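J.: Quick one: the structure is below, and I'll ask about it shortly.
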Amino acid sequence: MTGPPPVLAVGAAVIDEWYAVSNLPEPDGGAFASEVTTAFGGVGANVCVALDRLGRDVGLVSRVGDDEYGERAREYLADTGVDASRVSVGDDPSTRSVILSDPDGERAIVTAGESFRRLRLDDADREALAAAETVFLTGYTPDAVSRAVLDTVESAADPPALVFDLSGSVEELVGRGTEPETVRRLLHAADLFVADDVAAAAYFGGPDAAVERVAAAQRARGGSEPSLTGDGWPRAVLTHGADGMTAVAGGEGTEFDAFDVDVIDATGAGDSFTAGLIDRWIAGGDGGASRRERAGVADGVRFAAAVAAINCTSRFAQPGLPTRGEVEAFLAERGF
Numbered sequence: 655m656t657g658p659p660p661v662l663a664v665g666a667a668v669i670d671e672w673y674a675v676s677n678l679p680e681p682d683g684g685a686f687a688s689e690v691t692t693a694f695g696g697v698g699a700n701v702c703v704a705l706d707r708l709g710r711d712v713g714l715v716s717r718v719g720d721d722e723y724g725e726r727a728r729e730y731l732a733d734t735g736v737d738a739s740r741v742s743v744g745d746d747p748s749t750r751s752v753i754l755s756d757p758d759g760e761r762a763i764v765t766a767g768e769s770f771r772r773l774r775l776d777d778a779d780r781e782a783l784a785a786a787e788t789v790f791l792t793g794y795t796p797d798a799v800s801r802a803v804l805d806t807v808e809s810a811a812d813p814p815a816l817v818f819d820l821s822g823s824v825e826e827l828v829g830r831g832t833e834p835e836t837v838r839r840l841l842h843a844a845d846l847f848v849a850d851d852v853a854a855a856a857y858f859g860g861p862d863a864a865v866e867r868v869a870a871a872q873r874a875r876g877g878s879e880p881s882l883t884g885d886g887w888p889r890a891v892l893t894h895g896a897d898g899m900t901a902v903a904g905g906e907g908t909e910f911d912a913f914d915v916d917v918i919d920a921t922g923a924g925d926s927f928t929a930g931l932i933d934r935w936i937a938g939g940d941g942g943a944s945r946r947e948r949a950g951v952a953d954g955v956r957f958a959a960a961v962a963a964i965n966c967t968s969r970f971a972q973p974g975l976p977t978r979g980e981v982e983a984f985l986a987e988r989g990f
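Every letter in the sequence shown is one number past the one before it in the numbering used here, and letter 323, counting from 1, is 977.
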């Protein structure tokens, strides 16, 4: 490859230790694991692999440890179409996650390991990010890196579109991820801002406040000359799991339903949803469309919701990620 891929993601590539539990335990409670296994995950890697399955040319900026977990993560990436040339190796323990998944597909996640938390961008990383067409950033990215990505994007001669997923609650991110002041900068700078209910409640104070704050940031940035063509830019989506999602565009919120499927495992659903939005809203609609031919709000949300729904019908974060044809067939069966 002569240059960076058009889409670059900054995020973790981890090995998930997956426990199929009888129930998600309450405080001081317990559960029984009927199965224990491992799978590949990490927000950055999940988004990259999802975009790769949809036919996108995508790369990952990350850091793993020089240990068994890091080696397995790099081996897995090598078997995908994701450009992993910007995944560095450090001498600290690889970031990894323990996932508890109950019979209904709901889950709880605990993360350990220092490798991704110690990621820093070098000059080559900055040059690649500045040259990309789209940059994805997760809230779990160390704050120094998030600020460096912002500075790089904002100073680029032809700035890439910026996508930010808040990913976790403010309390969870402090000390290991993007800090509140940097989140505020990203809210005003991102072409697409994504947050789930937990993250939105922690940062904005509640769903109504989240919509109001995001809409105000859009109006402040867009003015009479929106940054992108379409039904109002920048855009944001607040996800509510099985209860659907709220898209905020042009300073207004619109609610959408999630697709009803038999959920096997919801791990990675949010990441696959974000990848679907990047595919349809940011990178161009059908894998070959120009960046000015992006899908409308409703079409983009439905496509992303279909990607997430299909992924939930398989175990783990990535094996169920669909191809573009599978998403289109899923939507056609439902009249879209």
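Here a beta-carbon is modelled for each residue, glycine too, at the ideal position from N, C-alpha and C.
None of these values were measured; they are calculated from a predicted model.
Please return the same chain residues whose Cβ sits closer than 6 angstroms to the Cβ of Gly-930, not counting the five positions on each side in sequence.
T.: Phe-957, Ala-958, Val-961
J.: Of the residues Pro-747, Leu-841, Ala-896, which one's Cα is nearest the Cα of Ala-923?
T.: Ala-896
J.: With contact counted as at least three CB pairs below 8 angstroms, one residue from each stretch, are the stretch 687-701 and the stretch 838-846 in contact?
T.: no
J.: Within the stretch 851-914, note down every full beta strand (DSSP E) run reaching 3 residues or more, in order along the chain.
T.: 889-893, 899-903, 906-910
J.: Mind checking Val-764: buried by the 16 CB within 10 Å criterion, or exposed?
T.: exposed
J.: Can you grab the Cα-Cα spacing for the pair Phe-694 / Gly-979, in whole Å?
T.: 24 angstroms
J.: Tell whether a beta-carbon distance below 8 angstroms holds between Gly-665 and Gly-698.
T.: yes
J.: Please report how far the alpha carbon of Glu-987 lies from the alpha carbon of Ala-952, in whole angstroms.
T.: Rounded to the nearest angstrom, the two C-alpha atoms are 17 angstroms apart.
J.: Which residues mark the beginning and the end of the alpha helix (DSSP H) in which Glu-781 is found?
T.: 777-785
J.: Quick one: Cα of Thr-647 to Cα of Ser-968, how far?
T.: The structure shown does not extend to residue 647, since the chain spans only 655 to 990, so no value can be given for it.
J.: Please state the DSSP three-state secondary structure of Phe-990.
T.: coil
J.: Would you say Val-848 and Leu-820 are within 8 angstroms of each other, going by their C-beta atoms?
T.: yes
J.: Is the stretch 780-791 in contact with the stretch 754-762, if contact means three or more CB pairs nearer than 8 angstroms?
T.: no
J.: Between Glu-725, Leu-791, Pro-976, Asp-797, which lies nearest to Arg-772 when the distance is taken from Cα to Cα?
T.: Asp-797
J.: The alpha helix (DSSP H) with Tyr-723 in it runs from where to where?
T.: 722-732
J.: Under 8 angstroms between the Cβ atoms of Thr-795 and Thr-832?
T.: yes
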